[in-house]
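Using my numbering, the letters of the sequence shown correspond one by one to residues 491 to 971.
Ideal Cβ placement from N, Cα and C applies to all residues, glycine included.
Only a predicted model underlies this, so the values are computations on that prediction, with no experimental measurement involved.
Right, one structure below, let's go through it.
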Amino acid sequence: MWKPSQRIKYAPTPGFWPNQAEARDSQLFQPITYQALTLRDRTWVPAMVPWRALETGEVTEDNVDWYGRFARGKPGGLVVEATGIRDVPSGPLLRIGHDRFIPGLTRLTDRVRQESQGDTKLFIQLIDFLAVRRRPEPAKFLSRFLAITESHRQALGLEEASEGDVRLALQKLSPMELSEILTTREIEALNYGQRERVTDTHLPHIADLPKQLPALFAQAARRARTAGFDGIELHFAHAYTVASFLSRTNDRDDSYGGCAEARVKLALEIIDAVRSSVGRDYVVGTRILTEECIPGGSTIDDSLYYAEQFAHQGLDYISLSRGGKFDDAKQPKVGWAVYPYTGPSGYECMPQYLSDEFGPFGRNLSPATVIRKHLHRSGSTVPIIVAGGIHNFDQAERAIDSGAGDIIGFARQALADPDWFEKVRQGRGNEVRLCVYSNYCEGLDQKHKQVTCNLWDRSALNEPCKKTEDGKRRLIAPDWP
Ligand SMILES: Cc1cc2nc3c(=O)[nH]c(=O)nc-3n(C[C@H](O)[C@H](O)[C@H](O)COP(=O)(O)O)c2cc1C
Ligand code: SF4
């Protein structure tokens with residue numbers, strides 16, 4: 491992962507832990523109700539992909555155990571990982587693109603209800619993503635994957651040669667020579683792996699996205715309701731399809747790109763379709779970015795406009811993240827896929843303990859405050875969820891107090907210690923295992939390996955516990971005292 495050049499080391503701080511009565515009276519542990527959303531308190535676990543589904547996208551017992559473990563800590567809200575709205579091969583990631591996924595998802599919602607005794611509300615993040623291929627072997631790319639064009643032939647002076655001879659000639663060129671012959675996109679496909687963009691409107695399936703996506707999201711939302719989720723979260727953040735429509739880099743010329751009004755059009759059509767499918771009495775939220783954190787990307791001005799549009803469209807909450815884009819991601823190794831959390835924008839999304847003078851804790855709070863204030867001025871009190879390096883009670887309480895958010899997201903902290911919520915509620919904050927922001931978990935996500943936390947393995951790994959496929963790591967957080 492990219493790190494700021496200053497490389498200042500930060501450590502998490504426990505801060506002040508409240509006793510039971512202080513916790514009960516705090517803002518963090520007050521209930522919240524807005525439209526269809528009711529939470530027992532303002533604690534939240536944002537979506538985190540654990541890489542535990544079947545290759546065919548169904549829920550496994552490991553998925554059920556994973557969410558059951560979070561539910562035992564009883565956060566107010568828990569969001570199931572980004573789940574694909576199409577039934578297309580995508581590795582061991584959850585899917586909801588067909589009714590056949592409903593029984594497995596129902597097992598998952600049942601377990602969360604049982605483990606949290608109904609105290610945790612469960613949401614599922616719905617995602618669409620475009621094709622991203624692994625970085626190819628250069629020889630394979632030039633001999634098989636690259637589509638040979640007239641412009642390649644002309645540049646090589648091989649207008650009449652066979653395709654095989656053109657490919658052989660390309661393979662003899664140096665990287666510098668290749669860069670003069672291949673287009674920018676072909677060079678990117680060679681060096682990073684081929685990646686579709688929402689602006690590739692010459693491809694019929696990309697041109698048709700605005701026709702396809704509202705219905706796909708609506709059907710997925712209906713399945714989520716049938717499976718017993720308390721609501722759905724539309725994933726409009728990071729590097730994925732709808733976020734790419736919202737991005738300032740979207741210059742489609744078909745009324746879905748260009749100015750902000752055009753860029754938000756698809757997202758609003760999706761919200762409309764989802765509402766018609768699940769009704770007004772069901773929680774429909776979204777996750778968006780405060781800032782894309784890439785050159786030429788969307789800024790806080792865009793987010794203010796989007797958040798206002800979404801709030802007035804009747805969403806039940808808006809969860810704020812930042813960064814996490816493909817545009818500035820590091821070059822992957824050959825055979826690996828580019829990962830949108832390896833560049834500076836990725837750092838903004840999941841900042842780690844080596845940081846700059848600002849540090850890794852609460853980097854999204856200032857823009858979140860601006861957005862929430864703007865919404866209040868525009869007459870909306872839609873709950874804002876904010877996350878990013880929050881690990882202790884003081885930080886969470888201050889974030890609410892200062893107006894940065896109504897609900898506080900703890901992603902990696904909940905992974906490090908899923909019992910954070912119950913411990914703090916019961917006045918046992920001093921027993922919390924604090925996340926050290928090593929990003930070991932994020933490294934596993936990058937390698938598409940089962941995500942775990944390295945704090946889970948610090949001691950007594952020989953105690954009976956379910957381990958990862960390689961037998962080396964705990965698959966679930968231990969039941970710490
Ligand atoms: C292993 C892992 C997987 C993640 N998967 C998702 C995801 O599926 N959807 C999403 O919106 N964010 C995802 N995130 C980002 C988190 O939800 C969160 O925004 C980020 O980690 C910053 O919050 P934190 O500092 O509390 O961890 C993931 C983070 C981690 C560490
Ligand atoms: S591996 Fe554990 S301690 Fe490290 S960042 Fe992830 S959750 Fe935190």
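Exercise. Using the rule of at least 16 other Cβ atoms within 10 Å of the residue's Cβ for burial, across every protein chain shown, is residue 925 buried or exposed?
Worked result: With 16 or more other Cβ atoms within 10 Å, it is buried.
Exercise. What residue from 846, 877, 868, 845 has the CA that sits closest to residue 857's CA?
Worked result: 877
Exercise. Out of curiosity, what's the CA-to-CA distance linking residue 495 and residue 844?
Worked result: 9 Å
For this session: Output the boundary residues of the beta strand (DSSP E) element that contains residue 535.
Result: 533-535
Problem set entry | Status (buried if at least 16 other CB within 10 Å, exposed otherwise) for residue 970 | That one is exposed.
Exercise. Which residue or residues does DSSP assign as beta-bridge partners of residue 733?
Worked result: Residue 733 pairs with nothing; no bridge assigned.
Exercise. Three or more beta-carbon pairs under 8 Å between the region 768-785 and the region 648-666, yes or no?
Worked result: Put simply, the region 768-785 does not touch the region 648-666. Fewer than three CB pairs are less than 8 Å apart.
For this session: Return yes when at least one heavy atom of ligand 2 lies under 7 Å from the C-beta of residue 926, else no.
Result: yes
Problem set entry | Extent of the continuous alpha helix (DSSP H) to which residue 588 belongs | From DSSP, residue 588 is part of no alpha helix (DSSP H); its letter is neither H nor E.
Exercise. Alpha carbon to alpha carbon, how far is residue 619 from residue 777?
Worked result: 15 Å
Problem set entry | Any non-hydrogen atom of ligand 1 within 7 Å of residue 536 CB | Residue 536 Cβ: within cutoff of ligand 1.
For this session: Measure the C-alpha to C-alpha separation of residue 882 and residue 503 and round it to an integer number of angstroms.
Result: When rounded, the separation of the alpha-carbon atoms in residue 882 and residue 503 is 7 Å.
Exercise. Would the beta-carbon of residue 666 be found less than 7 Å away from any heavy atom of ligand 1?
Worked result: no
Exercise. Measuring from the CB of residue 491, is there a heavy atom of ligand 1 at a distance below 7 Å?
Worked result: Checking every heavy atom of ligand 1 against the Cβ of residue 491, none is found closer than 7 Å.
For this session: Enumerate in chain order the residues of its own chain whose CB-to-CB distance from residue 830 is below 7 Å, with the five nearest sequence positions on each side excluded.
Result: 728, 729, 814, 815, 816, 819, 836
Exercise. Using the rule of at least 16 other Cβ atoms within 10 Å of the residue's Cβ for burial, across every protein chain shown, is residue 498 buried or exposed?
Worked result: exposed
Exercise. Among residues of its own chain, excluding the 5 on either side of residue 803, which ones have a beta-carbon nearer than 7 Å to its beta-carbon?
Worked result: 758, 761
For this session: Measure how close the beta-carbons of residue 456 and residue 874 come, nearest whole angstrom, since I'm counting them as under 8 Å.
Result: Here the chain covers residues 491 to 971 and nothing more, so residue 456 does not appear.
Problem set entry | residue 740, buried or exposed, once every other Cβ within 10 Å from all chains shown has been counted against 16 | buried
Problem set entry | Option nearest residue 764 by Cα separation, candidates 708, 840, 523 | 708
For this session: Flag residue 580 as yes when its Cβ comes closer than 7 Å to any non-hydrogen atom of ligand 1, and as no otherwise.
Result: No, since every heavy atom of ligand 1 falls outside the 7 Å radius drawn around the Cβ of residue 580.
Exercise. Could you give the distance in angstroms between the alpha-carbon of residue 968 and the alpha-carbon of residue 566?
Worked result: 21 Å
Exercise. Touching or not, the region 735-754 and the region 687-698, by the rule of three or more beta carbon pairs under 8 Å?
Worked result: yes
For this session: Report yes if the CB atom of residue 575 is closer than 8 Å to the CB atom of residue 617, and no otherwise.
Result: yes
Exercise. Exposed or buried, residue 551, counting other C-beta atoms within 10 Å across all chains shown (16 or more means buried)?
Worked result: exposed
Exercise. Does the region 513-524 touch the region 882-891, meaning 3 or more C-beta pairs lie closer than 8 Å?
Worked result: yes
Exercise. Is it the case that the CB of residue 902 approaches a heavy atom of ligand 2 more closely than 7 Å?
Worked result: yes
Exercise. Which stretch, first to last residue, makes up the beta strand (DSSP E) that contains residue 722?
Worked result: 721-725
For this session: Could you check if residue 940 is buried or exposed, using at least 16 other CB atoms within 10 Å of its CB as the buried criterion?
Result: buried
For this session: Below 8 Å on the Cβ atoms is my guess for residue 736 versus residue 796; work out the distance and round it to an integer in Å.
Result: For residue 736 against residue 796, the beta-carbon gap comes to about 6 Å, under 8 Å, which counts as contact.
Exercise. Hey, is residue 931 close to ligand 2, as in C-beta under 7 Å from one of its heavy atoms?
Worked result: Residue 931 Cβ: within cutoff of ligand 2.
Problem set entry | Given 8 Å, three or more beta-carbon pairs between the region 698-705 and the region 591-601 | Touching, no.
Exercise. With DSSP run on the structure shown, which of helix, strand or coil describes residue 599?
Worked result: helix
Problem set entry | C-alpha distance - residue 686 paired with residue 949, whole-angstrom precision | 44 Å
Exercise. When the Cα atoms are used, what is the spatial distance from residue 910 to residue 536?
Worked result: 14 Å
Problem set entry | Contacts around residue 738, its chain only, beta-carbon distance under 7 Å, and the 5 residues preceding and following it disregarded | 786, 787, 788, 792
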